[in-house]
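Numbering (our numbering), first residue to last: 12 to 190.
Built from N, CA and C at the ideal position, the CB exists for glycine as well.
Worksheet: the structure to be examined is printed underneath.
Here it is, written out as structure tokens:
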């Protein structure tokens with residue numbers, strides 16, 4: 012149990028979703044793992060920079076809030092991005108929540124040492140493909156600050172296209188995986 016005292020996590024300990032493609036493994040963060048990551052711990056993983064990044068820590072906190080609110084849905088939370096060759100964690104990626112009206116929103120963050128090597132693009136392609144393959148999911152979306160050109164490049168390389176802005180953020184969507 013993490014410092015946040017999330018006592019209900021055992022109710023959600025289902026089989027972990029693990030997605031693999033090429034050099035990337037996406038390891039689902041279950042609620043018990045989320046409690047540890049949200050507390051800034053490693054959750055038993057080896058992280059390229061020693062600890063999870065701020066974005067991954069924040070996403071783990073969102074998983075905990077959804078558990079406490081009774082809205083947690085396995086598979087629709089956060090995943091650690093692991094290198095397949097050695098299972099070192101290089102970042103996090105995940106959903107802002109379960110599908111709503113056929114849409115899922117995805118966010119990601121990489122450890123500083125892993126940036127610029129294509130990990131975010133590969134992870135985004137993998138998670139987007141998984142999501143779009145689920146019943147009822149018609150669209151994956153992501154938003155970025157207008158000044159975040161590296162993230163915009165990731166989205167473009169993963170096949171996302173720019174759509175109307177959302178709350179001052181640049182928005183991108185994907186409705187089918189590129190061939």
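Is residue j closer than 9 angstroms to residue i when the C-beta atoms are compared?
i           : j           : result
residue 103 : residue 161 : no
residue 150 : residue 186 : yes
residue 78  : residue 114 : no
residue 101 : residue 124 : yes
residue 130 : residue 94  : yes
residue 133 : residue 29  : no
residue 120 : residue 65  : yes
residue 98  : residue 56  : yes
Where DSSP assigns a beta bridge to residue i, which residues make up the other side?
i           : result
residue 38  : 29 and 91
residue 97  : BP columns for residue 97 are empty, so no partner.
residue 120 : 103
residue 183 : 153 and 173
residue 52  : DSSP output for residue 52 lists no bridge partner at all.
residue 115 : 151
residue 57  : 99
Quick one: what's got a C-beta closer than 8 angstroms to residue i's C-beta in the same chain, skipping five residues either side?
i           : result
residue 117 : 104, 105, 106, 107, 135, 138, 139, 142, 151, 152 and 153
residue 51  : 62, 63 and 68
Using C-beta distances below 6 angstroms, list every residue in its chain close to residue i, excluding the 5 sequence neighbours before and after it, in chain order.
i           : result
residue 174 : 182 and 184
In chain order, what residues of the same chain lie with their CB nearer than 7 angstroms to the CB of residue i, ignoring the 5 residues before and after it?
i           : result
residue 157 : 181
residue 48  : 40, 54, 63, 67, 68 and 71
residue 109 : 84 and 87
Problem set entry | Contact the region 37-54 vs the region 72-85: 3+ CB pairs below 8 angstroms | yes
For this session: Entirely within the region 131-155 and at least 3 residues each: give me those beta strand (DSSP E) ranges in chain order.
Result: 150-155
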